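A.B. asks:
Numbering (our numbering), first residue to last: 913 to 1125.
1. With distances taken Cα to Cα, identify the nearest neighbour of residue 1101 among 1041, 949, 931.
2. Here's the rule: buried if 16 or more other CB atoms are within 10 angstroms of the residue's CB, otherwise exposed. What is residue 1025?
3. As a quick exercise: from 1077, 942, 1098, pick the residue whose alpha carbon is nearest that of residue 1030.
4. Just reading off the alpha helix (DSSP H) that residue 1074 is part of, what are its end residues?
5. Under the DSSP definition of a beta bridge, which residues are partnered with residue 1078?
6. For residue 1122, is the classification buried or exposed, using 16 other Cβ atoms within 10 angstroms of its Cβ as the cut-off for buried?
7. So, with DSSP's three-state summary, where would you put residue 1064?
8. Assuming residue 978 contacts residue 962 (C-beta within less than 8 Å), just tell me the rounded distance between them.
9. For residue 1086, which option in 1020, 942, 920 has the closest C-alpha, if you only look at C-alpha atoms?
10. Which whole-angstrom value is the C-beta distance of residue 1079 and residue 1043, which I expect to be below 8 Å?
11. Can you give me the C-alpha to C-alpha distance between residue 987 and residue 1037, rounded to a whole angstrom?
12. Helix, strand or coil for residue 1103? Go by DSSP, reduced to three states.
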């Protein structure tokens, strides 16, 4: 019985491995709009983003900020498109993962883990990710709601969802980093990527040359 169960399990695993291109495709499709939107936002707010890149007091204080900003925009816009097509996927995902890592360390780390301030989260207090700003969020939200409730159009103001306090922690950037790292290791996947068909073409040409020689 145990041997039969193991054999059945291994058969299921073999079948699932034949579908390994599907989660890789879904990762690419998910990350494409995320990366392209990030690049588009920086392009649309170029001057203010450049000031933030350059200023050492309230910004990042980066060297050659204009050049770095252009490179990041190009990487996010072009990289998003490359992920969609499955073209140079490992190289593209590596570059984008490095931007996520830099963002985590230079922008988000000081805010802890949570992207949205949630004082009820077990990560909010008493852990390495704790953040005093998160713990203060409920009081601020209560005050904001109190002020808004005095407005005649309060119901309309909150009709799209409840108010939240943006904490801007590493949560989202870390998630994207892990997703990109998967693509660095496994590539774009079979069948539905240009990388797959280009690699088949290259192998075919190299094999033909070896036969001729």
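Beta carbons: idealized from backbone N, C-alpha and C, even for Gly.
Values in this document were obtained by computation on a predicted structure and should not be read as measured data.
C.D. replies: Let me lay it out:
1. 931
2. buried
3. 1077
4. First-last for residue 1074: undefined, no H or E at that position.
5. 1028
6. exposed
7. DSSP, read as helix, strand or coil, puts residue 1064 in coil.
8. 6 Å
9. 1020
10. 7 Å
11. 36 Å
12. coil
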